[in-house]
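Engineer: Have a look at the structure that comes next, please.
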Amino acid sequence: MKKIFVRSRGLVVIVALVMIAAMSTVTTAHAASSQTGGAASRSPAASASSTGQCNFVPVLTCQSTDPIVALNIYYYGGSADCTFVWDVDWGDGHTTSNLEVVGPANGYRLLAQHTYLATESYTIAVTGLVTIGNCVANAFTATFTLQASPPPPSHMSGKACVFNAPKGGFTVTVGGEHISGHVGWAYLADPASGIWEYGANEGPINLNPKHFNDTSRTWHAQGTWADVLTAFKEALPRSGRNKGYYHPAKYYASYRCVSTTVSHPAAALSIVKTQAGEVYSIPDYDCLAQVVEVLATYGAPISEHAYLLNPYYWVPNHYYESGYMSKFGSKKPV
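This is the structure in structure tokens:
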């Protein structure tokens with residue numbers, strides 16, 4: 001629990017402590033003491049608390065989004081021979097009075113708790129009276145601020161798709177199997193308007209494998225789902241900054257999609273923009289790496305970078321057919 005402690009002022013006594021329970025500890029001043037005629041026993045005495053996160057700025061000031069505050073008393077020394085009566089003014093028009101504690105043993109003991117209703121600051125005033133025994137109860141105050149809870153994050157449903165060109169990419173044939181392939185991506189950016197973002201990493205500017213360290217030919221576009229299908233079915237954009245980053249019709253053969261309960265299109269677009277102009281490399285920054293990073297950021301159930309553990313899945317065709325995309329739907333022809 002966080003604690004705001006209250007320190008004694010000039011008591012040469014054994015102390016019973018008042019605490020308003022919280023999550024962090026800041027030493028302040030003593031609140032109650034048992035007089036025994038002996039030497040002083042100096043310990044933290046009071047704290048303000050809430051069961052939620054609490055910040056103390058400054059001492060004796062607690063801020064939390066949790067409306068529940070608990071008041072505890074810490075007793076030790078000769079306090080077991082005394083009877084205390086406590087009054088608490090919670091600072092919101094409510095009080096808790098005549099809280100009698102008889103012969104408390106050493107340690108913390110819950111006295112009262114209170115729930116605040118409005119998001120504002122409150123001054124909590126605690127006073128005590130000793131009705132039996134040679135003890136002292138010192139009054140103290142603390143400030144508690146109930147903060148408004150942050151608004152819940154927006155949970156916008158979405159959809160993400162992977163497009164596959166099984167004969168695309170760099171031609172690598174082993175035992176008659178074309179083991180390369182190529183992939184592109186698309187995600188629903190605005191469900192209300194039906195606008196999608198889509199694109200791909202088309203390989204290095206210089207297609208000679210000896211120059212794979214050249215800048216990647218990355219592109220992305222925005223449009224309706226019909227625009228997405230046209231781009232991947234007929235030909236990719238051939239104008240503006242995407243000029244030359246295109247393929248002939250029927251280059252892509254199929255696509256698989258998945259619905260998401262939560263989507264983060266702004267974060268995904270940020271990834272897309274930072275990837276423009278990256279140096280092409282396999283498997284760190286190629287077509288598959290872009291698809292996985294963009295769609296994982298968006299919120300799609302796709303294993304980000306897990307495929308790096310097995311070179312077999314560096315091949316876009318293998319990944320597209322693998323369990324890494326198990327939650328995506330069946331293949332549909334482009």
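Everything in the sequence shown is counted per the numbering used here, starting at 1 for the first residue and increasing by one.
Just so it is clear, CB atoms sit at the ideal spot from N, CA and C, and this is done for glycine as well.
Thinking C-alpha only, which one of Pro283, Val258, Trp219 is nearest Pro332?
Structural biologist: To locate residue 332, count along the sequence shown from 1; it is residue 332. At residue 332 the sequence reads Lys, which differs from the Pro that was named. Minimum Cα distance to Lys332 is reached at Val258.
Engineer: Compute the Euclidean distance between the alpha carbons of Ser193 and Asn317, then round it to the nearest angstrom.
Structural biologist: For the purposes of this step, residue 193 is identified with residue 193 of the sequence shown, where counting begins at 1. For the purposes of this step, residue 317 is identified with residue 317 of the sequence shown, where counting begins at 1. Their Cα atoms are separated by approximately 32 Å.
Engineer: If we call anything under 8 Å between Cβ atoms a contact, is Asn138 one with Leu110?
Structural biologist: Against the sequence shown, residue 138 aligns to sequence position 138. Against the sequence shown, residue 110 aligns to sequence position 110. Cβ atoms of Asn138 and Leu110: not closer than 8 Å.
Engineer: By DSSP, does Ile271 sit in helix, in strand, or in coil?
Structural biologist: Here residue 271 refers to the residue found at position 271 of the sequence shown. Helix, per DSSP.
Engineer: Quick one: measure Cβ to Cβ for Thr131 and Thr83, integer angstroms, because I've assumed they're closer than 8 Å.
Structural biologist: Taking the sequence shown and counting its residues from 1, one reaches residue 131 at position 131. Taking the sequence shown and counting its residues from 1, one reaches residue 83 at position 83. About 5 Å separates the two Cβ atoms, so the contact holds.
Engineer: Spatial neighbours of Ser326 within its chain, please: CB distance less than 7 Å, with the 5 preceding and 5 following residues excluded, ordered by chain position.
Structural biologist: For the purposes of this step, residue 326 is identified with residue 326 of the sequence shown, where counting begins at 1. Cβ neighbours of Ser326 beyond the five flanking positions: none.
Engineer: With a threshold of 16 other CB atoms inside 10 Å of the CB of Pro104, please say whether the residue is buried or exposed.
Structural biologist: Residue numbering aside, residue 104 sits at position 104 when the sequence shown is read from its first letter. Answer is buried; the Cβ neighbour count reaches 16.
Engineer: Is the beta carbon of Ala276 closer than 8 Å to that of Pro283?
Structural biologist: Indexing the sequence shown from 1 puts residue 283 at position 283. Indexing the sequence shown from 1 puts residue 276 at position 276. No, the Cβ-Cβ distance between Pro283 and Ala276 is not below 8 Å.
Engineer: Which one or two residues does DSSP pair with Trp225 in a beta bridge?
Structural biologist: To locate residue 225, count along the sequence shown from 1; it is residue 225. DSSP output for Trp225 lists no bridge partner at all.
Engineer: With a cut-off of 8 Å on the beta carbons, I'd call Tyr116 and Ser216 a contact; round off their distance for me.
Structural biologist: In the sequence shown, counting from the first residue as 1, residue 116 sits at position 116. In the sequence shown, counting from the first residue as 1, residue 216 sits at position 216. Not confirmed; about 56 Å, so no contact.
Engineer: Just the C-alpha distance for Gln147 and Thr127, rounded to the nearest angstrom, thanks.
Structural biologist: If you number the sequence shown from 1, residue 147 lands on position 147. If you number the sequence shown from 1, residue 127 lands on position 127. Rounded to the nearest angstrom, the two C-alpha atoms are 26 Å apart.
Engineer: Can the beta-carbon of Pro166 be found less than 8 Å from the beta-carbon of Gly184?
Structural biologist: Within the sequence shown, numbered from 1, the residue matching residue 166 stands at position 166. Within the sequence shown, numbered from 1, the residue matching residue 184 stands at position 184. No, they are not a contact pair.
Engineer: Sorted by chain position, which residues of the same chain lie with C-beta nearer than 6 Å to Asp81's C-beta, five sequence neighbours on each side aside?
Structural biologist: One-based indexing of the sequence shown puts residue 81 at position 81. A distance below 6 Å between beta-carbons, with the five flanking residues on each side excluded, links Asp81 to the following residues of its chain, in chain order: Gly133.
Engineer: Using the three-state DSSP reduction, which class does Cys54 fall into: helix, strand or coil?
Structural biologist: By one-based count along the sequence shown, residue 54 stands at place 54. Only weak support is given to the placement of Cys54: the predicted model assigns it a pLDDT of 46, under 50, and the value that follows is read from those uncertain coordinates. Residue state, collapsed to three classes: strand.
Engineer: Return the chain-ordered list of same chain residues with a C-beta closer than 6 Å to the C-beta of Pro265, the five sequence neighbours on each side being excluded.
Structural biologist: To locate residue 265, count along the sequence shown from 1; it is residue 265. Cβ within range, chain order: Ala189.
Engineer: Please tell me whether Ser330 and Thr260 are closer than 8 Å, where the distance is taken between their beta carbons.
Structural biologist: For the purposes of this step, residue 330 is taken as the residue at position 330 of the sequence shown. For the purposes of this step, residue 260 is taken as the residue at position 260 of the sequence shown. Using a Cβ distance threshold of 8 Å, Ser330 and Thr260 do not count as a contacting pair.
Engineer: Is Tyr75 buried or exposed, if buried means 16 or more other CB atoms sit within 10 Å of its CB?
Structural biologist: Numbered from its first residue, the sequence shown carries residue 75 at position 75. Label assigned to Tyr75: buried.
Engineer: Based on Cα-Cα distance, which residue from Lys273, Trp314, Gly78 lies nearest to Thr218?
Structural biologist: If you number the sequence shown from 1, residue 218 lands on position 218. Comparing Cα-Cα distances from Thr218 to each of Lys273, Trp314, Gly78, the minimum goes to Lys273.
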